[in-house]
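S.K.:
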Amino acid sequence: MVKIGILGVGTVGGSVAKILEKNSDIIEARSGKKIVVARGVSKEPRDEFSFSITDNPMDVINDPDIDIVVEVMGGVDFPFEMVKKALEKGKAVVTANKAMLAYHRYELQEIAGDIPLMFEASTAGGIPIIGALRNGLSANHIESIMGIMNGTCNFILTKMIGEGAQYSTVLKEAQELGYAEADPTFDVGGFDAAHKLLILSSIAYGINAKPEDILIEGIDAITPTDVEFAKDFEYAIKLLAIAKKVGNGVELRVHPTMIPQNSMIAKVDGVMNAVMVRGDAVGETLYYGAGAGGDATASAVIADIIDIVRGNTNPMLGYKKPLEGGLTLLSRDEITSHYYLRVSVEDKKGVLAEVTNLLSRLDISIEAMMQKPDIDKDACVELLFVTHECQEKSIQEAIGELEKLSVVHGKVGMIRIEQ
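Taking the working numbering, the leading residue of the sequence shown gets 315, the next gets one more, and so forth.
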């Protein structure tokens, strides 16, 4: 018999306990041993469970009968300390904590050594993307990863595009439906997706970066004009987490992105998640499913428990020596992309030439252009541009220079384009 201790008997932890009991026969058949929850940690009483509940995580960590510790508390530093102590006690660990791993995954790998530390549930909920990268695609050089990794953002953008609704209106609906928190910044600001991207990039490329090291932008600045332009040019708008190998470097970025409507990932709507991985041998693969929720996440947690019980002692991040001679993280300035720009200008002669001359001077080439009335500003029009590929440094310089022009009103909108 294998005994489990759960740090955090909340939505996910509670689902783990219920599924282990409900599906005990099939889980025992697949793992070869009976798996039971022996103890849990919760700040609130949980009378529906037969195992003992404590409010002190150390009661679980110090329990000599506990074989595997499941950490689903959330947070960064305190969970890290608890996982560290569990590993130092020689206990295997399964965690769903993406924020902790975004900051401490390499420290934990050193501490764990040969002790299993599994984390499938940390990224994209029930989608087995960690296993795919660590095992199924292990023969490949990973060329790129592109993912819809936050259901809240995907729900909001799907509604904005499908119904022409304002961002603020859809955000309120998402909060009422329970898809968005009262303070939605972590989701709509791109930080949740960034934590997941950092975990995947460690497995794919061996990149030890933290959230503050990469480009992260949210969806709150997207306007109905942007949505209308995207439709006219047959793009969808998605918040994408992107990792891309470029020479000996890797781009890591999270931001709203225009992508062709006929691409596979553009068709992923609502609260669903999807991750597209391109390997040099396998080509393009797509992993789709529920990216959050108690049962979906618990499914991934239990898959890791079963893997440990079967005897899996693979390295935490899936490799035993540095990958590909050591790739480096490219700076934000070095990122290259096509760009969409939205510029509100005075509706008078010579303005278009002034704007295009400025872009030309900065070596930014225009691929397409559209002009629309600016419904929010009198005597103004919105100039909408798509650029040829250029560097992030150039586009940011152009935005700064455009906003200094007397004929430009307000902030310049920008969305990156993946062709």
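Glycine is no exception: its CB is placed at the ideal position from the N, C-alpha and C atoms. Predicted model only: the values in this text are computed from it and were never measured.
1) Could you round the C-beta distance between residue 702 and residue 679 to whole angstroms and report it? I think they count as a contact, below 8 Å.
2) In angstroms with no decimal places, state the Cα-to-Cα distance between residue 695 and residue 635.
3) Would the region 456-473 count as touching the region 426-433 if we require 3 or more Cβ pairs under 8 Å?
4) Taking only the alpha-carbon atoms, compute the straight-line gap between residue 723 and residue 443 and give it to the nearest angstrom.
5) Tell me, which residues are paired with residue 407 by DSSP?
6) Note down, in chain order, each residue of its chain lying with its Cβ closer than 7 Å to the Cβ of residue 594, except the 5 sequence neighbours on either side.
7) When DSSP labels each residue in this structure, what does residue 707 get in the three-state scheme?
8) Going straight from the alpha carbon of residue 517 to that of residue 669, what length do you get?
9) List the DSSP bridge partners of residue 530.
10) Does residue 392 pass the burial test, meaning 16 or more other C-beta atoms within 10 Å, or should it be called exposed?
11) Among the residues of its own chain, which have a CB less than 6 Å from the CB of residue 598, if the five just before and after it don't count?
12) Out of 584, 495 and 344, which one is the CA nearest neighbour of residue 476?
13) By how many angstroms is the C-alpha of residue 510 removed from the C-alpha of residue 504?
14) Judging by CA-CA distance, which residue of 659, 663, 682 and 378 is the nearest neighbour of residue 689?
15) Under a Cβ-count criterion, where at least 16 other Cβ atoms within 10 Å of its own Cβ denotes burial, should residue 322 be classed as buried or exposed?
16) To test your reading of the DSSP string, which unbroken alpha helix (DSSP H) runs of 4 or more residues are found completely within the region 534-615?
17) Do you know offhand how far residue 512's Cα is from residue 522's?
18) Taking its Cβ as the centre, do 16 or more other Cβ atoms sit within 10 Å of residue 630, making it buried, or is it exposed?
19) Answer yes if the region 418-426 comes into contact with the region 360-377, meaning at least three C-beta pairs across the two stretches below 8 Å, and no otherwise.
20) CB residue 352 to CB residue 318, shorter than 8 Å?
21) Is the separation between the beta-carbon of residue 380 and that of residue 405 shorter than 8 Å?
22) Skipping 5 residues on each side, what residues in its chain have a beta carbon closer than 7 Å to that of residue 471?
23) Within the same chain, show all residues whose beta-carbon is closer than 6 Å to that of residue 460, passing over the 5 residues directly before and after it, in chain order.
24) Tell me which residues share the same chain as residue 474 and place their Cβ nearer than 8 Å to its Cβ, disregarding the 5 neighbours each side in the sequence.
25) Short of 8 Å in beta carbon distance, which residues of its chain neighbour residue 676, apart from the five on each side in sequence? Order them along the chain.
26) Applying the 10 Å Cβ sphere with the 16-neighbour rule, what's the burial state of residue 414?
27) Nearest CA to the CA of residue 622: which residue from 355, 434, 371 and 645?
28) The beta strand (DSSP E) with residue 656 in it runs from where to where?
29) Tell me which same chain residues have a C-beta within less than 8 Å of the C-beta of residue 493, skipping the five on either side of it?
30) Just to check my reading of the structure: residue 320 and residue 355 have Cβ atoms closer than 8 Å, yes? What is that Cβ distance to the nearest angstrom?
31) Using 10 angstroms around the beta-carbon of residue 613, count the other beta-carbons present and answer buried if the total reaches 16, otherwise exposed.
32) Excluding the 5 residues flanking residue 329 on each side, which residues of the same chain have their C-beta closer than 8 Å to its C-beta?
33) Is the beta carbon of residue 572 closer than 8 Å to that of residue 633?
34) Quick one: give me the first and last residue of the beta strand (DSSP E) that residue 684 is part of.
35) My output table needs one value for residue 458: the three-state DSSP class, helix, strand or coil.
36) Helix, strand or coil for residue 620? Go by DSSP, reduced to three states.
M.R.: So, to answer that:
1) Working through the sequence shown from its first residue, we reach residue 702 at position 388. Working through the sequence shown from its first residue, we reach residue 679 at position 365. With a Cβ gap of about 4 Å, residue 702 and residue 679 count as contacting.
2) Residue 695 sits at position 381 when you count from the first residue of the sequence shown. Residue 635 sits at position 321 when you count from the first residue of the sequence shown. C-alpha separation (whole angstroms): 56 Å.
3) no
4) Taking the first residue of the sequence shown as position 1, residue 723 is located at position 409. Taking the first residue of the sequence shown as position 1, residue 443 is located at position 129. The straight-line gap from Cα to Cα measures roughly 44 Å.
5) Your numbering for residue 407 matches position 93 in the sequence shown. Partner(s): 383 and 431.
6) On the sequence shown, residue 594 is found 280 positions in, with the first residue counted as 1. Around residue 594: 454, 455 and 457.
7) By one-based count along the sequence shown, residue 707 stands at place 393. In the structure shown, residue 707 sits in a helix (DSSP, three-state: H, G or I).
8) Mapped onto the sequence shown, residue 517 falls at position 203. Mapped onto the sequence shown, residue 669 falls at position 355. In a straight line, the C-alpha of residue 517 is about 43 Å away from that of residue 669.
9) Here residue 530 is taken as the residue at index 216 of the sequence shown, counted from 1. Note: residue 530 sits in a beta bridge opposite 568.
10) Locating residue 392 in the sequence shown gives position 78, where the first residue counts as 1. Classification of residue 392: exposed, given that the 10 Å Cβ count is below 16.
11) By one-based count along the sequence shown, residue 598 stands at place 284. Within the same chain, residue 598 has close Cβ partners 592.
12) In the sequence shown, residue 476 corresponds to position 162, counting from 1. Considering only alpha carbons, the answer is 584.
13) Here residue 504 is taken as the residue at index 190 of the sequence shown, counted from 1. Here residue 510 is taken as the residue at index 196 of the sequence shown, counted from 1. C-alpha separation (whole angstroms): 10 Å.
14) Looking up residue 689 in the sequence shown gives position 375. Of the listed residues, the one whose Cα sits closest to residue 689 is 659.
15) Stepping through the sequence shown from its first residue, residue 322 is reached at position 8. Under this definition residue 322 is a buried residue.
16) 538-546
17) Residue mapping note: residue 512 aligns to position 198 of the sequence shown, counting from 1. Residue mapping note: residue 522 aligns to position 208 of the sequence shown, counting from 1. Taking the straight line joining both Cα atoms gives about 8 Å.
18) On the sequence shown, position 316 is the one that residue 630 refers to. Buried, because 16 or more other Cβ atoms sit within 10 Å of the Cβ of residue 630.
19) no
20) One-based indexing of the sequence shown puts residue 352 at position 38. One-based indexing of the sequence shown puts residue 318 at position 4. Yes, they are a contact pair.
21) Position 66 of the sequence shown holds residue 380. Position 91 of the sequence shown holds residue 405. Yes, Cβ-Cβ distance for residue 380 and residue 405 is below 8 Å.
22) To locate residue 471, count along the sequence shown from 1; it is residue 157. So the qualifying residues of the chain are 533, 551, 552 and 553.
23) In the sequence shown, residue 460 corresponds to position 146, counting from 1. Only 554, 556 and 590 meet the Cβ criterion.
24) Reading the sequence shown from its first residue, position 160 is the one you call residue 474. Counting only Cβ-Cβ distances below 8 Å, and skipping sequence neighbours, we find 480, 481, 484, 536, 538, 541 and 551.
25) Stepping through the sequence shown from its first residue, residue 676 is reached at position 362. Within the same chain, residue 676 has close Cβ partners 708, 711, 712 and 715.
26) On the sequence shown, position 100 is the one that residue 414 refers to. Buried, by the Cβ-count rule.
27) Position 308 of the sequence shown, counted from the first residue, corresponds to residue 622. Out of 355, 434, 371 and 645, 434 has the C-alpha closest to the C-alpha of residue 622.
28) Position 342 of the sequence shown, counted from the first residue, corresponds to residue 656. Run containing residue 656: 650-660, per the beta strand (DSSP E) assignment.
29) In the sequence shown, the residue the question calls residue 493 occupies position 179. The answer, listed in chain order, is 465, 466, 469 and 585.
30) Position 6 of the sequence shown, counted from the start, is the residue given in the question as residue 320. Position 41 of the sequence shown, counted from the start, is the residue given in the question as residue 355. Correct: roughly 7 Å between the Cβ atoms.
31) As a position in the sequence shown, residue 613 is number 299, starting the count at 1. Buried, by the Cβ-count rule.
32) Here residue 329 corresponds to residue number 15 of the sequence shown, with the count starting at 1. Result list for residue 329: 608, 609, 611 and 612, in chain order.
33) Numbered from 1 along the sequence shown, position 319 holds the residue referred to as residue 633. Numbered from 1 along the sequence shown, position 258 holds the residue referred to as residue 572. No. Outside cutoff.
34) Here residue 684 refers to the residue found at position 370 when the sequence shown is read from its first residue. Run containing residue 684: 680-687, per the beta strand (DSSP E) assignment.
35) Residue mapping note: residue 458 aligns to position 144 of the sequence shown, counting from 1. The answer is strand: DSSP assigns residue 458 an E or B state.
36) Counting from one through the sequence shown, the residue named residue 620 turns up at place 306. Residue 620 falls in the helix class under three-state DSSP.
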